[in-house]
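Novice: Below you'll find the structure I mean.
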Amino acid sequence: MLELEHGFRVIDVYTQLTSDEGNGGVRRSPDELEREMHQAGITKSVVFPPARSESSYVAPNNGVARHSVDRPFVAFARINGTKRPERNATGRLHNAVSRRKEFHTTPEDVEKYAYDDRFHGFVLDPTVDDYPDEELIAVLEDVGLPVIVRGSVDSPPEALADTLLGRSFPVIVAHFGGHPLSRPLMNEMIGLLEEYDDCYLETSFVRYRDLLERALLEHPDRVLFGSGAPACHPDVAVMEILTLDVSENLLWRAFSKNACRVIDALAPDAELRH
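Going by UniProt numbering, the residue at position 186 of the sequence shown is 186; the numbering climbs one at a time, nothing skipped.
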C-alpha cells in the first residue's frame, strides 16, 4: 500500500509480534512489521507475542523484547492465569480445582517483567489464558503497569468487570470489549467507562463508525488507537480513524495523547528519560 501522509503522531497499542519462538496466524518479521508501521505513519507500536494455550510465555516474551531493540517497538509481556469468572457453576468448579502449573505466570514472573526495563506493561487474552488469581492481581497492583486485555464474546464486559476492572492499574480493553463485531457488547463496554475511571478502550477490529465516534465524543480521554496488525494492515486501521466525523483534537487524543498518558514509554521524551 502507498505510504500514508496524515500529519498526526500515531501510536499503536495493539500489535502482535511473532518472535522466532512464536507461532500462530498472520506473521510478519520484525523488519516487515516495522516497514508497514512506517508506511502507515505510525511512530511507535506496543508489541507482544500471540496467545498460546498451555504454554509458557517466557521465551516468546523475551523474543519480543529482543526484537524491539533499536526499533520503534514498546514490548509488553503476555501473562496467563488459572481463574474464570464465577457467574455459573462451571466457573466456580473450575476455580475450586485449578492449580498453577509450570506454564502459568507466577507472581515472581510479574515482578521480573515489571522491573525489567525491556517491558512496559502486560497483555492477557482470557479466552486462551484465563484470568489472574488474586495473588497475581496483588502483584499487578503493586507494580501498577497497564494491562491490555482482549475483550470478546467469550470475555465480555461483565466478566472483565468481575475480574480486572476497578483495580489500581490501568486496564486497556481491546476491540471495545466485543470481538468479533458484537455491537451490544461494545455499547456495554463504552457504558462501563462511566463506572471505571482507569479503564480505556482500544480500537482494533471495531468496524462500527458510530461506536467509535460515540466513545470519542463521550469519553475523549479514554480511547486509544490500535491497529490489530499484522492481522489487519495498519494503513486500514489508521484510515478508519481518520475518516471519523470528529474534531482534529479528538483524533490527536485517540492517535497519541491518550496512549502517552497511560503508557509512559510511549511519550515523545521517553528515550531521553531512559
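All C-beta atoms, glycine included, are put in the ideal place defined by N, C-alpha and C. None of these values were measured; they are calculated from a predicted model.
Give the DSSP-derived three-state secondary structure of residue 349 in the structure shown.
Specialist: Since the first residue shown for the chain is 1 and the last is 274, residue 349 is missing from the structure and cannot be characterised.
Novice: Taking the alpha-carbon of D264 as reference, which of L164, V206, V74 has the nearest alpha-carbon?
Specialist: Considering only alpha carbons, the answer is V74.
Novice: Helix, strand or coil: how does DSSP classify L250 here?
Specialist: Correct three-state label for L250: helix.
Novice: Quick check: H219 and L193, are their CB atoms within less than 8 Å of each other?
Specialist: Yes, they are a contact pair.
Novice: In three-state DSSP terms, what is H94?
Specialist: The answer is helix: DSSP assigns H94 an H, G or I state.
Novice: Below 7 Å CB to CB, which residues in the same chain sit around D235 once its five sequence neighbours on both sides are set aside?
Specialist: Same-chain partners within the cutoff: M1, L4, Q39, A40.
Novice: N80: buried (16+ other C-beta within 10 angstroms of its C-beta) or exposed?
Specialist: That one is buried.
Novice: Checking 8 Å against the spacing of the C-beta atoms, do T82 and H104 come in under that value?
Specialist: Closer than 8 Å, so yes.
Novice: Enumerated in chain order, which unbroken segments of the alpha helix (DSSP H) with a length of 4 residues or greater are wholly contained in the segment 180-227?
Specialist: With a minimum length of 4 residues, the continuous alpha helix (DSSP H) runs that stay inside the segment 180-227 are 183-192, 209-218.
Novice: What does the Cβ neighbour count give for N258, buried or exposed, with the cut at 16 atoms within 10 Å?
Specialist: Burial call: buried.
Novice: Along the chain, where does the alpha helix (DSSP H) containing R35 start, and where does it finish?
Specialist: Residues 30-39.
Novice: Straight-line CA distance for P132 to T243?
Specialist: Spanning the two alpha carbons is a distance of roughly 38 Å.
Novice: Would you kindly work out how many angstroms separate the C-alpha atoms of P107 and D154, rounded to a whole number?
Specialist: Computed Cα separation, rounded: 25 Å.
Novice: Leaving out five residues before and five after V128 in sequence, what residues of the same chain have Cβ atoms less than 8 Å from its Cβ?
Specialist: A51, R52, S53, N80, listed in sequence order.
Novice: What span of residues does the alpha helix (DSSP H) with K101 cover, start to end?
Specialist: No alpha helix (DSSP H) contains K101, which DSSP labels as neither H nor E.
Novice: Between the segment 141-156 and the segment 65-73, are three or more C-beta pairs nearer than 8 Å?
Specialist: Judged by Cβ distances under 8 Å, the segment 141-156 makes no contact with the segment 65-73, as fewer than three pairs qualify.
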